[in-house]
Each structure stands twice: as C-alpha cells, then as structure tokens.
Amino acid sequence: MSAAFHPNNIICKLISIINACFTHNYFPISWKQAKIFLLPKPGKDSSKPDGYRPISLLSSLGKIYERLILTRLEPYLPLLPDEQYSFRKNLSTTRQLVRIVEFIGAAFHNKQSVALLMLDVAKAFDRVWHEGLIFKLINMGLQRELILLIYSFLQHRTFYVIQGNEKSNIKPIRSSVPQGSILGPILYLFYISDFPKPNLNHYSLLACYADDTAIAIKSIQAKQAIAKMQQYLHSVEDWCTNWRVKINATKSQLLILNKSKKFNNLQDLLLFQEPVPIVSKAKYLGIILNSKLTWSDHIQSVKNKALGIMIRFLPVIGKYSNLSLRTKRHIYTSCIRPILCYASPAWNTATYYTHITKLAGYNPVVEHPFKSHLTPSITILLIRQ
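Each residue of the sequence shown is one higher than the one before, starting from 1 at the first, in the UniProt record's numbering.
Below, the structure written as structure tokens:
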C-alpha cells in the first residue's frame, strides 16, 4: 500500500478538510447531493407518486461532518420547549405517553371530560422554510458561526432519483431539512419550538414527539372542552400560516374521553374551516387510546401483532429447532417481547380481570419454543395483584 493511501494519511486529510470547513463555516456541495430510492407503500397505487416512500442516501463523509456539527448544536437543546420529548436525553415516547395518561386519569378522578386532539402535519420535514428556520435560530441566540454553517448545510442541496437502471436529472431542493441526515430532525425541533401552547394552566397539556403533536384539554363538559380547543386552534392556524406549515384537518383526530358519560350532538371542531373527525379510538406514539381508557383495543392489537411475529419465527425457534436455548431467548427478547412491553408504564392499569385473560392466551405460544412455563398462572398473577 502506498503512503498516500495509508489509513492514517486518509484520516489526517479528512481532519484537515473538516477543520477547513469549520473555519469557513462551509458545508461542501458534493456532500449535499441525495440519491433517492423509491420503495412501494403497501396497499397504495403504484401508478401515483404518493404510492412510494422515498429513501434518501447521503454522503458518508457528510454524515461524519454532521455528527461533529451536532456536538456544537447540543448545548442549545435546553432551549427547546419542555413539551418536546424527541431526540433528547432521558426522554422517550413512553415518558410522553405516561404524561398524557396521567393527565387523563386526573380528569377522570375529578369526573371531567378530556378533548384529545392529535394533529397530522403534512410533509412535516419537507416543508421547513429555510429562511424562517435561520430567523428562529438567530432569535434563540445561537452562535453566529454556527448559524452560518447551518445555512450552508441547508442551501444548494440537490437530489436525483434511481429507479432500476434509470436515473433522473439532478434537481434542486428549495425547502425542507434533509431526509436521512443527522442534523435534520434536530433542526426541525428548533423550527417548531415556538408552536403555540394552550395556556390553560393545569386544564391543558401539549405533547410533542418530533412532528407527532397532541393537545389535551379537560373540562366538566365535553362541549366546553371542545369550545376551549376551538379557541386555542385559532392561534395554531395563525402560527401555521406565518411559518408555512400545513396541517391536514381531515387526517387529524379528535378523541373525547370520559369514564361514564355518553356524548351526543357534539359540535364540530374546525381547523382551517374543515371539521376534524371525532373518533372512538386513536393511536398516538404506538399505543391505542379509546374513549374510556380501558386499553382493550391496545391489548388486542398487541396480542395479534405479537402472535403474528411469533408464528413466523416458529420454524426457527420451535420445539424441534436445532438452535440453542440462548439463541431462541435472544430472538424472543429482541423481536417479540418489545412488542408486548412497549410503553407498558403507560397502560399498566390494564392488568385487571377483563384484560389480563387476553394476554393469557399468549402463554402456550411462548412456552412452546422453550419447553417450559415461562410465566406464572393467571390466577397467581391476580392473587399477587
């Protein structure tokens, strides 16, 4: 191997390039071109553009540089609102869900109704307005050199599409944070950091996880909760208009929760003059909530999904498989148990007679690969409870 191509020399040259980029607040153009592959979406019309999911591949060297830029951006993460739980240390979907469930539980305890609105943001990352983002970064007090570097990172980006043996022409990207990038999700959080809050003290809650946004408002009557939500949405509409964010009213969902009352003739909740569908159950951050917060729909969904995965793995981890018990356990704990346990602190109140028997049917399937009983009987669990 020649000295020029020795790994140590390559690393030294890369370090020199990156240091020069930092000195000049510059992100190289050759690292800003995205190669796009299109994956068909299940059940979608393949003859239409929205029937495909674009997968963006970026420069590996560019990602190394992004990771270094991120270390300079991380000290500013505490500026993000407390309601934002994504891409932040010690926060997770589970903690956000626990926060929502505790809010609803407190309302039920006080015999109140809760209006829970889950917003659908259209092409959230793709619609980020570059100049608007830079304006917000300036107002948040980020270092001038870091802002210039982020601006260079966003500007003059291009992409081309690969489909089979065909390659499209190179096209410019005029908005968005780059899909598949290291910095993209973090920059999006800064862009939506001033999303309006309900400001109803302990009667309201804003929950954000990246672009998954939910707002909960509680009141004695469901109609009052909806009326307060409608008033709050005026500020959301103004914010969206100012910052070029689009929310799909028809794909958003409104869930009314109450422990005992039935709801009739509820008024429409309007978002940009379109009614938001009122639903009896909805999925947020991977768990299914229903109007009584009984968790029956979620547990049934979890059971069906886990059983489906387990059946697929039976030829590999079944009783007659030659795999070691250790390998079988690794497959189970990696692929099946996470489905059963995901966000369990949020729905642990479901372990009562009416629901635990649904999960009991899963026991024989789990026992089968391991030739033994992995779990105690349901009766013992209920006695312990």
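Think of the CB as a built atom: it goes at the ideal place given N, C-alpha and C, for glycine as much as any other residue. Remember, it's a predicted structure, so these values are computed and weren't measured experimentally.
Would you kindly check if the distance between the Cβ of S59 and the Cβ of residue 432 is under 8 angstroms?
Beyond the ends of the chain as shown, which are 1 and 385, falls residue 432; an answer cannot be given.
Alpha carbon to alpha carbon, how far is L39 from S168? Give it in angstroms, no decimals.
16 angstroms
Does the Cβ-Cβ distance between V114 and A225 come in under 8 angstroms?
At the C-beta level, V114 and A225 come within 8 angstroms of one another.
Other residues of its chain near P198: CB distance less than 7 angstroms, five sequence neighbours each side excluded:
S204, L206, I215, I217 and Y232
Residues in its own chain within less than 6 angstroms of Q96 by CB, not counting five upstream and five downstream?
Y85, A207 and Y209
Starting from R338, trace the alpha helix (DSSP H) in both directions and tell me its first and last residue.
The question names Arg, but residue 338 in the sequence shown is Pro. Unbroken alpha helix (DSSP H) run through P338: R337 to C341.
Among I182, H156 and G180, nearest to I170 - alpha-carbon criterion
H156
For the alpha helix (DSSP H) that contains I302, what are its first and last residues?
Sequence inspection shows Val at residue 302; the Ile mentioned does not correspond to that position. Per DSSP, V302 belongs to the alpha helix (DSSP H) from S296 to I317.
Backbone secondary structure at L91 - three-state DSSP:
coil
L381 to T349 span [Cα, whole Å]:
Per-residue confidence for L381 stands at a pLDDT of 42, beneath the threshold of 50, marking its modelled position as unreliable; the derived number appears in the next sentence. Whole-angstrom Cα-Cα distance: 14 angstroms.
Cutting at 7 angstroms between CB atoms, please list the residues of its own chain near F272, excluding the five before and the five after it.
E237 and A249
If you count every other CB in all the chains shown that lies within 10 Å of the CB of L257, and 16 or more means buried, which is it?
buried
Less than 6 angstroms between C-beta atoms, sequence neighbours within five positions excluded: which residues of the same chain meet that for A122?
K246 and N248
Span of the beta strand (DSSP E), counted from its first residue to its last, around D212:
That run of the beta strand (DSSP E) goes D212 to S219.
First through last residue of the beta strand (DSSP E) which encompasses I162:
R157 to Q163
Tell me the DSSP bridge mates of L119?
T213
DSSP state of E83 mapped onto helix, strand, coil:
coil
Given R72, which residues of its chain have a CB within under 7 angstroms of its CB, disregarding the five upstream and five downstream residues?
L146
Through-space distance from I192 to Q267, alpha-carbon basis:
29 angstroms
By the three-class DSSP mapping on this structure, what secondary structure does K283 have?
strand
According to DSSP, which residues form a beta bridge with Y191?
Looking at the DSSP assignment, Y191 forms no beta bridge with any residue, so it has no partner.
What residue range does the beta strand (DSSP E) around P40 cover?
P40 -> beta strand (DSSP E) spans Q33 to P40.
Specify, as a first and last residue, the run of the beta strand (DSSP E) that R53 falls within.
Y52 to L57 is the extent of the beta strand (DSSP E) around R53.
Between which two residues does the beta strand (DSSP E) holding K328 run?
Counting along the chain, no beta strand (DSSP E) covers K328; the unbroken alpha helix (DSSP H) around it starts and ends at L325 to I331.
Beta-carbon within less than 6 angstroms of I278's beta-carbon, same chain only, minus the 5 sequence neighbours each way: which residues are those?
L254
Considering only their Cβ atoms, is the gap separating I186 from L314 smaller than 8 angstroms?
no
Residues in its own chain within less than 8 angstroms of G132 by CB, not counting five upstream and five downstream?
Y191, W243 and R244
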